[in-house]
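Following the working numbering, the numbering of the sequence shown begins with 372 at its first residue and continues without gaps.
For each residue, glycine too, the CB sits at the ideal point set by N, CA and C.
Small disclaimer: the values here were computed from a predicted structure and weren't measured.
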Amino acid sequence: MKNKPLEREYKTIEAMISLSCHGQHSTKKCELCSTCEELLAYAKARLNKCPYQKEKPTCARCPIHCYKPAMREQIRDVMCYAGPRMLRHHPLLAIRHLLDGWKTKARPRQG
372 MKNKPLEREY
382 KTIEAMISLS
392 CHGQHSTKKC
402 ELCSTCEELL
412 AYAKARLNKC
422 PYQKEKPTCA
432 RCPIHCYKPA
442 MREQIRDVMC
452 YAGPRMLRHH
462 PLLAIRHLLD
472 GWKTKARPRQ
482 G
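Structure (structure tokens):
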């Protein structure tokens, strides 16, 4: 069975990193620099190991800090840059992410 919330989260983080890389690192639209490629791979690995799975809250509302401090700082920079631009470039992902942020806190999957 597919996990739609996580698939959407993958698309959202990929779009945010792409916007940030293109705008801040002057890469071509469909390319990422090596730093951003590494960040995207790390973010996807963290999402795959998320204990919340289908009930995953947005990272801002999550009680678990699963990113290493250096990566957390990088992803914060990406979100600060790309967040306001998401409504223009990826409006559906941005609106859905905002709606997901209003959900109540979830409980980790028992496993």
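Residue i and residue j: beta carbons closer than 8 Å?
i, j, result
"I384", "A414", "yes"
"K400", "H393", "yes"
"L418", "E380", "yes"
"K425", "N374", "yes"
For residue i, which residues of its own chain have a beta-carbon under 6 Å away from its beta-carbon, when the five flanking residues on both sides are left out?
i, result
"D471", "T429"
Skipping 5 residues on each side, what residues in its chain have a beta carbon closer than 8 Å to that of residue i?
i, result
"L458", "A465 and I466"
"M372", "Bear in mind that a pLDDT of 42 at M372, under 50, signals an unreliable position, so the model cannot answer this."
Less than 8 Å between the CB atoms is what I'm expecting for residue i and residue j, so what's the real figure, rounded?
i, j, result
"Y438", "S391", "About 16 Å; that fails the 8 Å criterion."
"L403", "S389", "7 Å"
"M442", "M387", "With a Cβ gap of about 14 Å, M442 and M387 do not count as contacting."
>> Assess contact between the stretch 457–468 and the stretch 409–425, defined as three or more Cβ pairs (one per stretch) separated by less than 8 Å. Is contact present?
In response: no
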